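Peer 1:
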Amino acid sequence: ADEMLEHNPNPTDADIREALSGNLCRCTGYEKIMDAVRLAAARQSEGV
Numbered sequence: 171a172d173e174m175l176e177h178n179p180n181p182t183d184a185d186i187r188e189a190l191s192g193n194l195c196r197c198t199g200y201e202k203i204m205d206a207v208r209l210a211a212a213r214q215s216e217g218v
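First residue of the sequence shown? That's 171 in our numbering, and the numbers climb one at a time after it.
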């Protein structure tokens, strides 16, 4: 996610899904991962 945010600091959900497409996670359906990437993007844009 860090590398994706370097290239795209304001990703859409589709961008995040595309970046995660090579990873297989059967436990969460990616929802918690999506939430974490959204939070990281928001904090990065706020300079936190």
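All C-beta atoms, glycine included, are put in the ideal place defined by N, C-alpha and C.
Since this is a predicted model, take the numbers as computed values, not measurements.
Compute the beta-carbon to beta-carbon distance between Ala212 and Pro181, rounded to the nearest angstrom, for a pair I have assumed lies under 8 Å.
Peer 2: In fact, because the Cβ distance is near 11 Å, the residues do not count as touching under 8 Å.
Peer 1: Determine the DSSP secondary structure at Val196, reduced to helix, strand or coil.
Peer 2: Looking at the sequence provided, one finds Arg at residue 196 rather than Val. It is coil, neither helix nor strand.
Peer 1: Give the secondary structure of Ser215 by DSSP, where H, G and I count as helix, E and B as strand, and everything else as coil.
Peer 2: If DSSP states are grouped into helix, strand and coil, Ser215 belongs with the helices.
Peer 1: Could you tell me the boundaries of the alpha helix (DSSP H) in which Ala189 lies?
Peer 2: 183-190
Peer 1: Among the candidates Ser215, Leu209, Met174, whose CA atom is the shortest distance from the CA of Ala189?
Peer 2: Met174
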